[in-house]
Structure formats: structure tokens, C-alpha cells
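Remarks on the structure that follows.
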Amino acid sequence: MGVEGIGARVVRKEDKRFITGKGRYVDDIKLTGMTHAYFIRSPHAHAKVKKIDSSAALKMPGVVAVLTGQQLVDDKVGNLICGWAITSKDGSPMKMGAWPAMAPETVRFVGQAIAVVIAESKNLARDAAEAVVVDYEELPAVADMHAAIKPGAPQLHPEAPGNQVYDWVIGDEGAVNAAFSKAANVVKLDVTNNRLAPNAMEPRAAIADYDTAEEHFTLYTTSQNPHVARLVLSAFYNIAPEHKLRVIAPDVGGGFGSKIFIYPEEMVALWASKKVGRPVKWTGDRTEAFLTDAHGRDHITHAEMAFDANNKIIGLKVKTYANFGAYMSLFSSSVPTYLYATLLSGQYNIPAIHAEVIGVYTNTTPVDAYRGAGRPEASYLIERLMETAARQLNVDPAQLRRTNFITQFPHQTPVIMAYDTGDFNASLDAAMKAIDYAGFPARKAKAKADGKLRGIGVSCYIEACGIAPSKAVGSLGAGVGLWESAEVRVNPVGTIEILTGSHSHGQGHETTFCQLVAERLGVPISQVSIVHGDTDKVQFGMGTYGSRSAAVGLTAILKAMEKMESKAKKIAAHALEASEADIVIENGEFKVTGTDKAIALPMVALAAYTAHNLPDGMEPGLKESAFYDPTNFTFPAGAYICELEVDPGTGKTSFVNFVAADDFGRLINPMIVEGQVHGGLVQGIGQALLEHAIYDANGQPVTASFMDYAMPRADDVPSFNLSHTTTLCPGNPLGIKGCGEAGAIGASAAVINAITDAIGKNNLEMPATPDRVWRTIHAA
Amino acid sequence: MSTVKLTVNGKAVAVDVEDRTLLVQLLRDHLNLTGTHVGCDTSQCGACVVHMDGRAVKSCTMLAGQADGASVTTIEGIAKGDELHPMQAAFRDNHGLQCGYCTPGMIMSAIDIVHRHGGQLDEATVRTELEGNICRCTGYHNIVKAVLDAAGRMKVSQAAE
């Protein structure tokens, strides 16, 4: 490892612009002649749009246009799509209700756009929006999943009778029933996985610019995957052919999944920019984010786990209801199915698993992938079950886990996944040592003497990341391949540009990706630039989500680097009159091994571009590209242990210690990895203690601002004690598993297990607010 | 319309704005100082924090007119040329930022916290004082580290002056 190579704690290159106020986010961009959009949104959860009267608004100062959903239909702009086809157990396809970018007839959640005002300033657009008179006919609405599937419930989509999206199953039901029939013990649990609002700090925004002469669109947008945005906007929404649409995702202020999807607002901005012949900017406010950014989680699950007399798990059955909201968002269908049920084996040897997942429409904001996406729901369920089982079977929770850990790899679970490697005992050992698990009973006794209820909770999570082998996901219904692409350009002066389809919105790619180059060539990272987030610069890419950028994106860069190095070695060998096999790369030089003969990288690069003296038949230039398709998912795993105290008088929870021992395979930059874990942990803790996107029975959102939705603040959470155990991922040459989602996947179960341990009652739902904890303590 | 006269990052400016213009809009839209961000509409997130006459204020929660005659410092105005403010350097060195969106407000609040508490800062105080700044990326761990680190650096640089 060099000072800037793989494994070094390199301070981030991108930080200078962020700490000096020079970041360039979408809302920071101004174009000449730019207009501003303000959307008119439904105040009703379910209603017919009878009439839109914009005559008064059109007369107001600075108003350029008022555009409606019917005009979108007239212009043949396509409806929003869901890109992952799921088949129900009866063989029928999922039931996708039509989702127009602005509703021409029916609105199905509060905040759904029906029209847009385009004006000279945002304030003028907002003023005019208030003068647009919309005549609604209110319809009965349903926000609760159980209510939505009852006979007689208000129906959202004619395409989906009974408000059912699908009824999907996985696993061998016969084998599970056989296991339960011979079980020594059965543990049952009902859990709710609370609905969350992602809340990246930068609200979504879009600027669309149509060039009438070239018939070409440029879209600046807050996207985690600009190429996917271009593909979808072009192929499905009929906005423009791909070569006439450039999508730029500049600095993006966090995503957590919510900026994967292509939303109505950027579609409308593009279409409107052509309609009005000027650039159109839309920047959402926080309330719009709560109303329209895809939410996360929202499952209701009943699960049963069967044990034999030796406390070995012999079967697991799960039935989950998953709330989709009013429409199927881009990847929503995959989240409670292939990203959830395929992880239900956890870290454990479970010979038989069966899961049924019923997708449900409600009059709420659409739900899609949010940090972890399905895997937090699976991990929470399994780890709550393990803790519940340990209490019921009267064994130590850590020991029950050890009794059931998978220890032989590769391991084929009954739910598709083939775990490649891991050492679950090692991470549990590390976490138990870090928190002094053995000393807990004494600490609990001391806390009791002080009038506090102290608890400890374990969570051993596993996730499937490095998303994903294209052939595998294609066979499961995905509409896209999930490879990544990269290009390495060595300039004639020897500086290097790496073009990647991954997108950094906080992950630090501009640093970590350079570290690979430093490792291989021995050049300083200051000589390397990372280019991303612009479909005109980078040919294609699948973007950043699913902890895939290092495992998949960086591996693509490695493949391109290998091709470039191979050509550079030929040039060096030719120049040094040596054999190509004798050339090694060290400290930015190509050396003939065992001699003092060497040529520096800039001279090799210059030779490649002057082409005065290249080997016979070699093309000039030094630029290579690669597409890398992973061979398997990767399987980050680890053990989290939370120790906390509950005040029985108030129900308030206070952290004592939180330790995390993760196995991410090889770490490129441990400092950045730790930052990813910290952030993920707080999102998991936020879910456990604070966050809940709530609707009333009529579908009115109750939590649509930071005054109503409890975001984790600095004084709500502790500092963390992190460590790493390492088994290298055999599926990619760098041995990387990915670290972006682990914290959010593993943390919430550790917190709830600790609180339920402290209060001695097992039934506690998230978020475990003081009120809820107090009521649980004092419940009969 | 009114003319608002104020000093921004040491430079006197006069700006004609609609009366309803917020200070953050004056900074971002009229002066192109886009380092100050808007993350919410309820004065909760702190992405918009700037200093007015030496005090941290949420620039989304006051009218531009209220800053008439005041001296405003934004994230763009705290470094001395190429030399970063110790708080900026501490955020970088401690990996106290990821997406960068909350960072300007965090840094401006953190400088104010150090000024108000002098050398008496500990982790609990920093966490309590940061209550008005929301970060979704870092989990606050490294932000707290950065503020404590900078508190030490600022004491040293003050002593040197």
C-alpha cells in the first residue's frame, strides 16, 4: 500500500469545493432566459379532477404558461413505468396502474401533480399557482394496507382488483410444512417495518433546456444514475431519442435510493422547456420532498420459525404485506421480493424457507428503494426472531446465533442466494469483545440500582450487494442489466482521466477511484481525475445504489486499467528494447525488471500520441474501456451490538455504547468506509427510535415537514465503536463486498432488541418513541 | 421593491429586491453566493446558516430587509485566500462531510458554537448545540470530531494572532 494506494486513509479530493461553498448542485445553476416551474398538487388523497381553470393565473405578471396533464396525454408523453416484472403465484403478471406525470383525470395521493405553472421567477410561479382553480370530486381514500385489501375498500386502479399489485411466493412450502410438523419449538412474531421518508438534504431539482435548432434537450437533475434516467426518458416516456438528450447529474446532495427513480417533475420540465421554448427550472421544497420522493419500507409481517430440540432452526415461514403507495415506482416491485425475501436466511443455516409477499396499493406516496431496500426489512425480521427465540428458548441470544451460523462456504440458501464467503463467528466475537458482553450483567445490575433499565441487543446482518449479475437479475424480471462501464484515458502528458458510470453523491468516488490508479501505477492521485455524471462524457453506466460502486464500478475501472497497462507495457518494451514480459510498473515508471532501465509514464503516453516510434501495427493513443458484469452478488455481513438504558419513568432511551464489526472484504479507504457505516447506523437508529411517515385514515400525510417528521439530530445518537473483520470477496478481483448500506440494514434490530431486553417485554414496534416505550413498560 | 444595503464577506453591496425576498434568496439569487443552501422550509435543517454581525442566523428565516446595514459572512467568506478556516480544515481532515449539502451551514454553526463556548467544548455540548443542523449522510460522528478538533485549532490560531 502506498500513501495514496488501496487501504490508505486518504483525505477526500472533492472536499475542497464543498467546504468552501463551491459545490455545484442543480439549484446553483442558472441558464440564460431560464423560467421557473411550480407544480399544482392534489390536496386530496383520492379525487377526480373535474376542471382546471387557469384563466386568472395566465393574466398574472410573469406567467409564461400553465400546462396540464391532458396536454401531456395529447403530446403522447408516456406514463411512468416500473422496470422489474414480478409474477404472482397464479402465474399472472403484476398489476400496474397507469401513472401519468400529471394526472389528467384522477389523483391518488396527496401531492400528486396535476398542472404546472411556468413563470419568470419561482415566487411569481407560486403566486400564479394559487390563482389556478381546480374543481375536484373527492373519492373515498384508503391509506392503511389491511383496510385496502378488505372487500368493499376504495379501489385505486381498474387494473388491480382488490388493490393487489401481486401475490408472490418463494421457497418450498411443502418442505417448510414438513419441518414445522416435527418442530420441538415454534417461535412466532408479528412486526411492522415503519414507513420512512428518505430525506436527502438536497431536495430534488431539475433544469431542462431545449435547443430548437438542434432539437436537443439537456437535463440537469439530482440523479444517482443519469444514464438510466436518459434511457427511461427516451425509451419509455417519448421525450427525445437518446442522442438528442443529455443528462447531467452534477454535485448531488445525497440520495439513499430516492434519486434513483425518474420522477414526474423532470419529465414535465423537459416537455415544458420545448413547449415554452426556454429553459425551465424546478426545485422542490422540503414538503414536496415528503409528498413526492419515493418512501421506504412499510411492511407488515407475520413470521414463524421452527427449531429442533437442539435449538437448530429447521424451518421459516413468512407472510408480508408490502405497501406500494398509489403507484408502482421504478424499481418498487423488486424491493419486497428479490431484495427482501432472498435474504430471509440471514446468517443462518435454515434448510427450509417459504415466504409470501402481497403488494398493496394505498392512497399514499409511492414506495421504492431506500438505503438497504428490502434487506433492512429482512434483517430486522430475522434478528427480531432470533432474539425472541432466545428469550423463549431461554438461551443466550449470541449463543443461539452461533448454534445456527453458516460456517461452510459457498452456501446455497433455499431462497436463491449463494453466499460466497464470510466468517460470522469472527464478527460476532469482535463485537462482543468491543462491548464487553461478558461484563453486561454487572453493568445491568448497577444501572438497576440507579433506577434505570439497561438492555443489550445483538443484530447479525447479511446483505446482498454489488448489484448485480445481469443474467441473474434478467431471469428474475429486471428490465436492465446491472454491469458497470469504465474508460481510462491517459493524456499525452501522462495525467489520467477515469470515466465511470458510477455516480458519487457523497460516497467519495473522486478519491477512492483514484486510489486504485495510485496503487497500480504509483502516480499521485493529484494526477488523476474522475469524470462522472454526464451522459455526453461517459458513454453509459448504471449508476450508484445497492452498494455497487466499488464492487462493480471500480472493478470495471480495474479491467480498463489492465488493458491500458498492457498496451503501455508494449510501448515501454519497444522503447527500452526489452521484452514486454520483463516490464514492471513502479512509482510511475515502466522498468525492465532486474535492470536500471526505465521510462516514465508521461514518456510512454507521449510516445503513444506522437506515434513516431510505436511497435509495428499498433494504433496510436492510450485509452481503453471495459464493461464489467459481476459473477455473483457480494455478501457484506457483520455484528452490531447496542447497549442502552431506558428511564422507566419517561420511556426515554439513552445510548450507552454501540459497536459495529463489519466484514466488507477489502477496504479501499477505511476513513470513507467508516463514514458510510456511521451514516447508515444513524439511519437505522432513526428508523428504530424516531422516524415514521404517518398518514391519517383518509390518506392525509401527518408528517410532511421536519417539524413533524423526526429526523435524527446530533443529540439523538451516540458516537460509534467500529471494527472490521475480513474475508475477501472471491467474486471480484479486488475482493470488495461494499459498505454503503450495512449500517441501515443492521442497526434497527440491535436497538429494538436492546430496548425489549431492557424492559423485559418483547412486543415493541418502531419507532420506539418514549411514549410507546413507556406504554409498553406499563401495559398490563 | 426596496434597496437593501449590507456588507457581504467584507464587500459593501446594494441590492434591489422584492420586499418578501429572504436573506438566503438575496445571497443565492442576487449575489450568486450559492454555497449557502436551502434544505427545508421550516427553519429546521440549518443548511442556510450564515453569520450576521458575528452571530449565526438561519438565512431562510429572515427577510433580506432585516439584514439592511448588517455585516454578513457566508461560507465563501471564511477562508483567508488559499488558507482554509480551521473549521473548514477540520471538517476535511476528520471526514466530517459526505454529500456536502449540509456542510456550509454546519461549518458556519460550528464556528459560532466554538466562539460562544470558547475552550469549554465537550462532545455532549457539541451534540446539543448542533441540534439545529441536520445531516443525513455522516451520522454526526465525524462532524462532532471535526468541531472538537477545530475548537483546539481555533484556540491555537487565536493565540498566534
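Protein chains in written order, with numbering that gives the first Met the number 0: chain A, 0 to 779; chain B, 0 to 160. For glycine and all other residues, C-beta sits at the position ideal for the given N, C-alpha and C.
Sheet register partners of residue i (DSSP bridge)
{"i": "serine 1 of chain B", "result": "B/Val16"}
{"i": "serine 70 of chain B", "result": "B/Thr6"}
{"i": "valine 487 of chain A", "result": "A/Ile497, A/Glu623"}
{"i": "tyrosine 37 of chain A", "result": "A/Val116"}
{"i": "alanine 207 of chain A", "result": "A/Leu218, A/Val279"}
{"i": "tyrosine 135 of chain A", "result": "A/Val48"}
{"i": "tyrosine 360 of chain A", "result": "A/Gly324"}
{"i": "arginine 453 of chain A", "result": "A/Glu644"}
{"i": "lysine 187 of chain A", "result": "A/Glu303"}
{"i": "asparagine 192 of chain A", "result": "A/His298"}
{"i": "cysteine 459 of chain A", "result": "A/Ala638"}
{"i": "leucine 66 of chain A", "result": "A/Val115"}
{"i": "glutamine 97 of chain B", "result": "Paired residues: none, contrary to the question."}
{"i": "isoleucine 169 of chain A", "result": "A/Ala354"}
{"i": "tryptophan 270 of chain A", "result": "Paired residue(s): none; tryptophan 270 of chain A is not in a bridge."}
{"i": "isoleucine 582 of chain A", "result": "A/Val591"}
{"i": "threonine 725 of chain A", "result": "Beta-bridge pairing links threonine 725 of chain A to no other residue."}
Separation of residue j from residue i, as counted between CA atoms
{"i": "lysine 58 of chain A", "j": "lysine 273 of chain A", "result": "22 angstroms"}
{"i": "proline 413 of chain A", "j": "serine 180 of chain A", "result": "19 angstroms"}
{"i": "leucine 688 of chain A", "j": "threonine 768 of chain A", "result": "6 angstroms"}
{"i": "alanine 467 of chain A", "j": "glycine 64 of chain B", "result": "54 angstroms"}
{"i": "leucine 83 of chain B", "j": "histidine 94 of chain B", "result": "15 angstroms"}
{"i": "leucine 498 of chain A", "j": "arginine 23 of chain A", "result": "19 angstroms"}
{"i": "leucine 66 of chain A", "j": "methionine 0 of chain B", "result": "29 angstroms"}
{"i": "alanine 471 of chain A", "j": "tyrosine 418 of chain A", "result": "15 angstroms"}
{"i": "alanine 64 of chain A", "j": "glutamine 87 of chain B", "result": "44 angstroms"}
{"i": "alanine 177 of chain A", "j": "arginine 245 of chain A", "result": "56 angstroms"}
{"i": "phenylalanine 404 of chain A", "j": "glutamine 346 of chain A", "result": "6 angstroms"}
{"i": "leucine 22 of chain B", "j": "serine 332 of chain A", "result": "43 angstroms"}
{"i": "proline 225 of chain A", "j": "arginine 488 of chain A", "result": "21 angstroms"}
{"i": "methionine 617 of chain A", "j": "threonine 554 of chain A", "result": "26 angstroms"}
{"i": "isoleucine 434 of chain A", "j": "leucine 427 of chain A", "result": "11 angstroms"}
{"i": "isoleucine 148 of chain A", "j": "lysine 94 of chain A", "result": "14 angstroms"}
{"i": "lysine 568 of chain A", "j": "glutamate 579 of chain A", "result": "6 angstroms"}
{"i": "glutamate 172 of chain A", "j": "histidine 353 of chain A", "result": "5 angstroms"}
{"i": "leucine 763 of chain A", "j": "valine 317 of chain A", "result": "19 angstroms"}
{"i": "tyrosine 135 of chain A", "j": "proline 249 of chain A", "result": "39 angstroms"}
{"i": "asparagine 193 of chain A", "j": "alanine 55 of chain A", "result": "43 angstroms"}
Test item: CB-CB of residue i and residue j under 8 angstroms
{"i": "threonine 137 of chain B", "j": "methionine 706 of chain A", "result": "no"}
{"i": "tryptophan 167 of chain A", "j": "valine 356 of chain A", "result": "yes"}
{"i": "alanine 199 of chain A", "j": "tryptophan 281 of chain A", "result": "no"}
{"i": "methionine 105 of chain B", "j": "cysteine 59 of chain B", "result": "no"}
{"i": "methionine 670 of chain A", "j": "arginine 8 of chain A", "result": "yes"}
{"i": "proline 629 of chain A", "j": "valine 551 of chain A", "result": "yes"}
{"i": "valine 492 of chain A", "j": "alanine 638 of chain A", "result": "no"}
{"i": "glycine 45 of chain A", "j": "proline 153 of chain A", "result": "It is histidine, not glycine, that sits at residue 45 of chain A in the sequence shown. Going by C-beta atoms, histidine 45 of chain A is nearer than 8 angstroms to proline 153 of chain A."}
{"i": "tyrosine 379 of chain A", "j": "serine 747 of chain A", "result": "yes"}
{"i": "alanine 741 of chain A", "j": "glycine 685 of chain A", "result": "no"}
{"i": "valine 133 of chain A", "j": "isoleucine 113 of chain A", "result": "yes"}
{"i": "histidine 73 of chain B", "j": "glycine 20 of chain A", "result": "What sits at residue 73 of chain B in the sequence shown is threonine, not histidine. Yes, these two residues count as a Cβ contact at 8 angstroms."}
{"i": "glycine 785 of chain A", "j": "tyrosine 360 of chain A", "result": "Here chain A comprises residues numbered 0 to 779, so residue 785 of chain A is not present and cannot be evaluated."}
Environment of residue i [buried if 16+ CB atoms lie within 10 Å]
{"i": "threonine 592 of chain A", "result": "exposed"}
{"i": "aspartate 208 of chain A", "result": "buried"}
{"i": "aspartate 210 of chain A", "result": "exposed"}
{"i": "histidine 777 of chain A", "result": "exposed"}
{"i": "lysine 49 of chain A", "result": "exposed"}
{"i": "asparagine 393 of chain A", "result": "exposed"}
{"i": "alanine 794 of chain A", "result": "Only positions 0 to 779 of chain A appear in this structure, which leaves residue 794 of chain A out of reach."}
{"i": "arginine 774 of chain A", "result": "exposed"}
{"i": "aspartate 26 of chain A", "result": "buried"}
{"i": "proline 85 of chain B", "result": "buried"}
{"i": "valine 516 of chain A", "result": "buried"}
field: Under 8 angstroms (Cβ pairs) to chain B, residues found in the stretch 721-734 of chain A
entry: none
field: Within 7 angstroms of chain B by C-beta, residues of the stretch 699-722 of chain A in sequence order
entry: Ser704, Phe705, Met706, Met710, Arg712, Ala713, Asp714, Val716, Ser718, Phe719
query: Along the stretch 84-108 of chain B, what residues have a CB closer than 7 angstroms to any CB found in chain A?
result: Gln87, Phe90, Arg91, Asp92, His94, Leu96, Gln97, Cys98, Gly99, Tyr100, Cys101, Thr102, Pro103, Ile106
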